[in-house]
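Inspection log for the structure reproduced underneath, given as structure tokens.
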Amino acid sequence: MTKDSWYEEVKELREMAEGVPDEVLVVLIGDMVTEEALPTYQTLLNTFEGCDDPTGTTDSAWARWSRGWTSEENRHGDLLNKYLYLGGRCDMHSIEVTIQHLITSGFNPGAEKDPYRGFVYTSFQERATKISHGNVGKLGKIYGDTNMQKICAKIAGDESRHEKAYQTFVTEIIKRDPNGLMSVFGDMMRGQIVMPAELMTDGKDAELYENFANVAQRLGVYTAIDYADIIQHLVKQWDLENIEGLDSEGEKERDYLCKLPKRYRKLAERSMNKTVKCTEDVVPTKKFNWIHGRAC
Ligand SMILES: [Fe+2]
Ligand SMILES: [Fe+2]
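In our numbering, each residue's number is its place in the sequence shown (first place is 1) plus 52.
Structural data, given as structure tokens:
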């Protein structure tokens, strides 16, 4: 904005953003809102006993990691927010209200202060965000918005590194305590992995999160199949099939986990078939205050 050419450059950015359909915009906004609730996630990291930052400037590896991770994640929300602000197609007031409500509401992924549970959760979630940003970037390319494409690809690259880090933590846990990790992983997979922005609201639309998630699923940005694929990736990444040193309870959990991706995939395919049928019939389009009440 300090360049003499700022006006032309913003104009160009806006012209390029014009080709992006509303439904893609809604998914990008939802992803941005999720990134902007970063204080909640740093709070979560600091609940993991033994891996926290008790003073705020603690010099342990865990504390340095959590501050470094947070500072990098902070760029994601900032970048997406600036792009959407300059693009001029969103109701930034409604979006900022959503962010404020989301941070106020918080979220509970069921980590129970336990680093094992926490790192299984973050291993899953970083991969989910990588997939989501990556797919939105591809849509940016399809609709000719190279700014959006580059921004999302860059963020997906960061998420990919985060995913590797958390999955490496879990690999190390498995080396030291395979039974402990099997028990936690099995228990978490029996429930649903909670999405970080599940409690989002713009103060008006009671079903905002559901509506956003439905559009993401419809566009193929993040679907039930992705959920199954992430579990499959983790089972493979942590080489569950070949883990040694399991007791009978651990063996049981391992067998359960190894069969899970196939089961989830079947369920996902069935539920997605149903969704397609509904869309063809009468799924009403939803209005989003984020885009001035336009429906998609
Ligand atoms: Fe992020
Ligand atoms: Fe991340």
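Using N, Cα and C, we set each Cβ at its ideal position, and we do this for glycine too. Treat the numbers as computed from the prediction; the structure is a model and nothing was measured.
Cβ-Cβ distance between residue i and residue j below 7 Å
i, j, result
"glycine 158", "threonine 92", "yes"
"alanine 208", "glycine 192", "no"
"leucine 309", "glycine 255", "no"
"cysteine 103", "tryptophan 114", "yes"
"isoleucine 343", "arginine 179", "no"
"valine 85", "isoleucine 183", "no"
"glycine 196", "glycine 71", "yes"
"arginine 252", "leucine 96", "Going by the sequence as given, residue 252 is methionine instead of arginine. It is not a contact, given that the beta carbons lie outside the stated cut-off."
"methionine 68", "asparagine 199", "yes"
"glycine 129", "glutamate 88", "yes"
"serine 175", "valine 222", "yes"
"valine 78", "valine 188", "no"
"asparagine 126", "leucine 90", "yes"
"valine 62", "leucine 138", "yes"
Status (buried if at least 16 other CB within 10 Å, exposed otherwise) for residue i
i, result
"glycine 345", "exposed"
"tryptophan 290", "buried"
"threonine 156", "exposed"
"glutamine 244", "exposed"
"threonine 337", "exposed"
"asparagine 351", "There is no way to answer for residue 351, as the model of the chain reaches only from 53 to 348."
"glutamate 64", "exposed"
"serine 123", "exposed"
"aspartate 56", "exposed"
"histidine 214", "buried"
"proline 73", "exposed"
"arginine 169", "buried"
"serine 323", "exposed"
"glycine 297", "exposed"
"glutamate 75", "buried"
"cysteine 330", "Only weak support is given to the placement of cysteine 330: the predicted model assigns it a pLDDT of 49, under 50, and the question is left unresolved by the model."
"serine 211", "The displayed chain sequence assigns glutamate, not serine, to residue 211. Classification for glutamate 211: buried."
"tyrosine 59", "exposed"
"aspartate 278", "buried"
DSSP state of residue i mapped onto helix, strand, coil
i, result
"cysteine 330", "Unreliable positioning characterises cysteine 330 in this predicted model, as indicated by a pLDDT of 49, which lies under 50. The coordinate reading is nonetheless provided below. Three-state result, cysteine 330: helix."
"phenylalanine 159", "coil"
"alanine 208", "helix"
"lysine 165", "coil"
"phenylalanine 340", "strand"
"alanine 258", "coil"
"arginine 116", "helix"
"arginine 346", "strand"
"phenylalanine 237", "helix"
"cysteine 310", "helix"
"threonine 275", "coil"
"methionine 84", "helix"
"valine 246", "coil"
"lysine 55", "coil"
"threonine 110", "coil"
"glutamate 293", "helix"
"tyrosine 218", "helix"
"threonine 99", "coil"
Inter-residue CB distance, residue i and residue j (contact presumed, cutoff 8 Å)
i, j, result
"valine 287", "proline 313", "6 Å"
"alanine 276", "tyrosine 261", "Actually they do not touch by this definition, with Cβ atoms about 16 Å apart."
"phenylalanine 171", "tyrosine 218", "5 Å"
"lysine 202", "glutamate 101", "Going by Cβ atoms, the distance from lysine 202 to glutamate 101 rounds to 39 Å, so no, they are not a contact pair."
"tyrosine 6", "alanine 280", "The structure shown does not extend to residue 6, since the chain spans only 53 to 348, so no value can be given for it."
"aspartate 143", "asparagine 341", "6 Å"
"leucine 136", "isoleucine 226", "Actually they are not in contact, since the Cβ atoms of leucine 136 and isoleucine 226 sit about 40 Å apart, beyond 8 Å."
"leucine 319", "arginine 306", "No, leucine 319 and arginine 306 are not in contact; Cβ-Cβ is about 21 Å, not under 8 Å."
"serine 118", "asparagine 98", "7 Å"
"serine 235", "glutamate 303", "11 Å between Cβ atoms; not a contact."
Shell residues, 7 Å Cβ cut-off relative to heavy atoms of ligand 1:
Glu87, Glu125, His128, Thr181, Ile207, Asp210 and Glu211
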